[in-house]
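Below you'll find the structure, written out as structure tokens, and then a few comments.
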Amino acid sequence: MIIEYILCGLTAYLLGTIPWALILVKLFSKKDILSEGSGNVGAMNSYEITGKKWLGILVFFLDALKGIAAIIITRFIADYDFTATIVAITMVVLGHNFNVFLKFKGGRGLSTGFGAALMVNPLLVIVWGILWLLGYLIIKRNVHIANITAIILTPITFLLLPESIVDNFYLVPIVNTYELIAFISFPSLLFLIRHIKPLMDLMKKNSN
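When you number the sequence shown by my numbering, it's gap-free, plus one each residue, and the end is 208.
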């Protein structure tokens, strides 16, 4: 299976490196997203620097498609093998966040992770969305704080949910909740790494 894992990983990484935000922002506004706004190659920065909401939404869905495609690939290469599925989501997010073709710059990976999670267990997306909304409304009304809240609390929530409920949502053969948590833990680390800078900026702003 080693060859299959390598193929899943390489294919997923290359999928992740498709910089939809860079391409579409350049196409529709002639701006370089790497040097505008936060420099983040993602949906939010696409919207913020162009003022085009539809463009941000389009980037979100195209980035999500990268995650969807990465999971579908494991069906053809490794028949949804559990390890191959973890490799696929981790590598597609890695390619999006640390793009070798953009000198390891990229986005924060949430849209891509959204697509992959949707293909594995849609309940992940539902729980993450609820936690994000709670984090946004209760804590700081800050998108980055809401992201971090949802990233950290989603695995904990799934540990507390009855397995009989979680089992009803699986679209791929993951055996139990612990495997599902393993599936989201690796990309979650990549999400958190990309949120360090905005979190530090927020702390610096609040201290002034």
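Beta carbons: idealized from backbone N, C-alpha and C, even for Gly.
Computed from a predicted model, the values in this text were never measured in an experiment.
Residue 96: first and last residue of the uninterrupted alpha helix (DSSP H) it sits in: 82-97
- request: Closer than 7 angstroms by C-beta to residue 151: which residues in its own chain qualify, once you throw out the five before and the five after it? Chain order, please.
  value: 188, 191 and 192
query: By DSSP, does residue 105 sit in helix, in strand, or in coil?
result: strand
- prompt: Nearest CA to the CA of residue 101: which residue from 66, 132, 121 and 15?
  reply: 15
- prompt: Apart from the five residues just before and just after residue 40, which ones in its own chain have a Cβ nearer than 7 angstroms to its Cβ?
  reply: 107 and 108
- prompt: Of the residues 197, 76, 112 and 204, which one's Cα is nearest the Cα of residue 38?
  reply: 197
message: Considering just the uninterrupted stretch of the alpha helix (DSSP H) at residue 140, what are its terminal residues?
response: Segment: none, residue 140 is in no alpha helix (DSSP H) and carries neither H nor E.
message: Just verifying my parser: in three-state terms, what is the DSSP assignment at residue 119?
response: helix
- request: Work out the CA separation of residue 176 and residue 28 for me, nearest whole Å.
  value: 45 angstroms
- request: Measure from the alpha carbon of residue 98 to the alpha carbon of each residue in 207, 194 and 203, then state which is nearest.
  value: 194
- request: Determine the closest residue to residue 58 out of 23, 161, 113 and 6, with distance taken between C-alpha atoms.
  value: 23
- prompt: Going by other Cβ atoms of all chains shown within 10 Å of its Cβ, with 16 needed for buried, is residue 127 buried or exposed?
  reply: buried
query: Just curious, the alpha helix (DSSP H) that residue 25 is in, first and last residue?
result: 20-29
message: Please identify the residue among 32, 42 and 13 whose C-alpha is closest to the C-alpha of residue 71.
response: 13
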